[in-house]
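Asks: Under numbering that gives the first Met the number 0, the first residue of the sequence shown carries the number 0, and numbering increases by one thereafter.
Each residue gets a CB set at the ideal place from its N, CA and C atoms; glycine is no exception.
In this text the structure is predicted, and so the values were computed from the model without any measurement.
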Amino acid sequence: MVLRSLNENNNDVFLETRFNVIDNEPKRCYECDCGRITAFRDPRSDQPVCTHCREDTPSVDDRAHDANETPIAELEPVSDDQDIYVAFRDVASFRNGTKSGLKKMDTVIDNRQSRIDVSRLIRQYGMEDLKVRIRLLLHSGVFKSRSTASVMFPDLFRNEPAAKGTDSAEEAIQPEEAAPPEEAAPADGATSGREIASIEEWNQPQIPEPPEEPHVKQYGQSGCKEICLPFSAQHELVVYLQKYLEAVCYTYGQENMPEMLKEHGWSCHQAVQLNTWMDEFIVRQEAFNVFPEDGKDGSELEGLFRSVARIRDTAVCRTATDNGGVKRLVAHAVLLVDILGAEHYKNIINDIQSGVDKAVDDLSREERTLQEQREKELAHIAEERVKLDVLEKSVLVKAYRKSHECQRLAGLEVQKVLDEAEKEFRIERFLAAAGDPISGS
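Pasting the structure below:
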């Protein structure tokens with residue numbers, strides 16, 4: 000019979016096979032490959048032989064009922080969760096995480112029922128029990144994390160090189176790494192009730208990557224992470240600046256370039272676009288006596304005119320800009336009014352600049368405050384997430400250990416019953432053998 004007992008030194012379950020057939024030590028048959036343990040010996044070679052190879056028992060079927068032979072299958076250890084892990088570790092949805100694995104678990108098992116290893120697991124545990132075990136493994140993270148799997152199944156990874164760097168989903172076992180079920184099956188002496196080694200290491204949480212920080216994506220602001228003025232306000236501002244500056248330029252033209260207005264037939268400020276005025280001013284730069292005390296050349300003035308021309312382009316093309324760009328456009332508009340000497344327009348443009356600068360500065364200040372508050376709250380959430388991860392790991396480890404302890408105790412109870420039955424059986428055989436001479440006399 001087979002007796003499973005726990006080796007307290009290394010937590011391995013080993014098998015002890017006991018036979019009581021005369022004084023012969025049971026061995027495998029050397030004549031054939033039937034794979035049966037036998038206590039019979041060939042009288043000529045004194046080698047172990049099964050009933051199939053014995054000359055006095057020609058019937059092959061009789062060997063299955065011989066009390067002196069035990070099938071090899073009975074000596075194999077009970078399959079544990081390592082077999083389940085090996086059978087399903089190449090499933091992509093299981094490696095992607097618990098949520099994905101639980102969602103597709105039924106479909107995965109149904110699609111793999113024809114595989115030898117999966118069908119054996121279904122016969123051994125039953126479909127519902129197998130799903131419960133897979134669910135526990137998914138929650139423990141063995142499919143996603145190679146390090147967790149190596150702690151849970153150390154024998155499986157003993158001969159494999161240790162993974163370098165931080166454990167991540169990329170280090171999870173890939174489909175091509177999965178060994179065939181025959182190669183990955185545990186050898187004689189493997190345990191089904193193995194205690195989990197290095198529980199402290201397994202308890203260490205794997206801090207997930209923080210989610211992307213969302214930001215308000217506005218029209219035309221791809222890549223802009225700061226909180227900008229609403230596009231509607233930006234557009235209204237540049238449209239007003241264009242109309243206002245076109246009126247200022249027309250007034251300047253009436254006073255200083257009447258021939259040009261008459262030549263082009265420009266009778267009102269609506270007739271000329273802002274960029275057209277800037278082109279005319281660039282041609283007539285010498286008419287503007289600016290920056291003489293700084294010794295700057297005309298490139299500074301030309302740059303200003305081209306910047307003001309972009310106000311019109313921004314309004315027509317509906318281009319969004321950041322807060323700094325908005326302030327620069329307004330500042331260049333103020334500088335143009337000052338260069339053109341439009342004293343009666345200065346108060347209006349200065350009020351616009353003051354209001355826009357205040358709105359942008361307030362928005363930037365609020366943005367910094369919100370960012371600091373957000374970072375503080377996210378840091379607190381991260382700390383709580385670490386605590387929850389540790390608590391989750393602890394619960395899963397405790398549940399896993401208790402489940403296997405209950406399984407081990409149940410197995411010991413069965414073995415205890417079988418041991419008692421074996422003792423009674425031996426006593427009955429002894430009494431029966433001892434009573435034969437008396438009855439014969």
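What distance in whole Å lies between the Cβ atoms of Val307 and Met277, which are believed to be in contact at a cut-off of 8 Å?
Replies: Confirmed, about 6 Å.
Asks: So which of Pro257, Ala232, His263, Ile310 has the shortest CA-CA distance to Leu273?
Replies: Answer by Cα proximity: Ile310.
Asks: Counting C-beta neighbours from all protein chains within 10 Å, is the total for Cys227 16 or more, i.e. buried, or is it exposed?
Replies: Classification of Cys227: buried, given that the 10 Å Cβ count is 16 or more.
Asks: Apart from the five residues on each side of it in sequence, which residues of its chain come closer than 7 Å, Cβ to Cβ, to Ser96?
Replies: The displayed chain sequence assigns Gly, not Ser, to residue 96. Excluding positions up to five away in sequence, the list reads Lys143.
Asks: For Ala341, which residues from the same chain have a beta carbon less than 6 Å from its beta carbon, with the 5 sequence-adjacent residues on both sides left out?
Replies: Closer than 6 Å at the Cβ level, and outside the excluded window around Ala341, lie Val247.
Asks: Between which two residues does the alpha helix (DSSP H) harbouring Gln253 extend?
Replies: Residues 230-255.
Asks: For Val271, which of Gln253, Ala286, Glu285 has the nearest alpha-carbon?
Replies: The option with the nearest alpha carbon to Val271 is Gln253.
Asks: Over the uninterrupted alpha helix (DSSP H) stretch that includes Gln81, give me the two end residues.
Replies: Where Gln81 is concerned, the enclosing alpha helix (DSSP H) stretches over 80-87.
Asks: Using CA coordinates, which residue listed in Leu236, Ala378, Leu137 is at the minimum distance from Asn322?
Replies: For the residues Leu236, Ala378, Leu137, the minimum Cα distance to Asn322 belongs to Leu236.
Asks: What are the boundary residues of the alpha helix (DSSP H) that includes Arg132?
Replies: Run containing Arg132: 126-139, per the alpha helix (DSSP H) assignment.
Asks: For Ile83, collect the residues of the same chain with a Cβ closer than 8 Å to its Cβ; drop the 5 residues on either side in sequence, then sort them by chain order.
Replies: So the qualifying residues of the chain are Leu120, Leu129, Arg132, Ile133, Leu136.
Asks: Nearest-angstrom Cα distance between Gly434 and Lys415?
Replies: Between Gly434 and Lys415, the C-alpha separation is close to 29 Å.
Asks: With distance defined between alpha-carbon atoms, name the residue in Gly140, Cys316, Val141 nearest to Gln233.
Replies: The shortest C-alpha separation from Gln233 is found at Cys316.
Asks: Measuring CA to CA, which of Leu240, Val85, Met151, Gly125 is closest to Gln352?
Replies: That would be Leu240, whose Cα lies nearest to the Cα of Gln352.
Asks: Relative to the C-alpha of Asn346, which candidate in Gly100, Ala398, Ala332 has its C-alpha closest?
Replies: Residue Ala332 is the option with its Cα nearest to Asn346.
Asks: Does the distance from the CB of Ile348 to the CB of Phe287 come in under 7 Å?
Replies: The answer is no: Cβ separation not under 7 Å.
Asks: Let me know if Arg88 comes out buried or exposed under the rule of 16 or more other beta-carbons within 10 Å of its beta-carbon.
Replies: So Arg88 counts as buried.
Asks: What number of angstroms, rounded off, separates the C-alpha of Phe152 from the C-alpha of Gly140?
Replies: Taking the straight line joining both Cα atoms gives about 13 Å.
Asks: Could you check where the alpha helix (DSSP H) with Arg114 kicks off and where it finishes?
Replies: Element bounds for Arg114: n/a, residue is neither H nor E.
Asks: Which stretch, first to last residue, makes up the alpha helix (DSSP H) that contains Pro153?
Replies: Residues 153-156.
Asks: Mind checking which residues open and close the alpha helix (DSSP H) that includes Val336?
Replies: Per DSSP, Val336 belongs to the alpha helix (DSSP H) from 322-339.
Asks: Measure how close the beta-carbons of Ala91 and Asp116 come, nearest whole angstrom, since I'm counting them as under 8 Å.
Replies: Going by Cβ atoms, the distance from Ala91 to Asp116 rounds to 18 Å, so no, they are not a contact pair.
Asks: State buried or exposed for Phe93, treating a residue as buried only when at least 16 other CB atoms are found within 10 Å of its CB.
Replies: Buried.
Asks: Buried or exposed for Arg441, going by 16 or more other Cβ atoms inside 10 Å?
Replies: Since the first and last residues shown for the chain are 0 and 440, residue 441 lies out of range.
Asks: Pull up the distance between the alpha-carbon of Met126 and that of Glu382, whole angstroms please.
Replies: So the alpha carbons of these two residues sit roughly 39 Å apart.
Asks: Could you give the distance in angstroms between the alpha-carbon of Val325 and the alpha-carbon of Leu303?
Replies: For Val325 and Leu303, the distance between alpha carbons rounds to 15 Å.
Asks: Work out the CA separation of Pro229 and Pro257 for me, nearest whole Å.
Replies: Roughly 40 Å between the two C-alpha positions.
Asks: Name the residue from Thr147, Arg407, Ala330, Gln370 whose alpha carbon lies nearest to the alpha carbon of Leu244.
Replies: That would be Ala330, whose Cα lies nearest to the Cα of Leu244.
Asks: Would you kindly work out how many angstroms separate the C-alpha atoms of Val385 and Lys102, rounded to a whole number?
Replies: Each residue's alpha carbon lies about 25 Å from the other.
Asks: Return the CA-CA distance between Arg428 and Lys422, expressed in angstroms with no decimal places.
Replies: Computed Cα separation, rounded: 10 Å.
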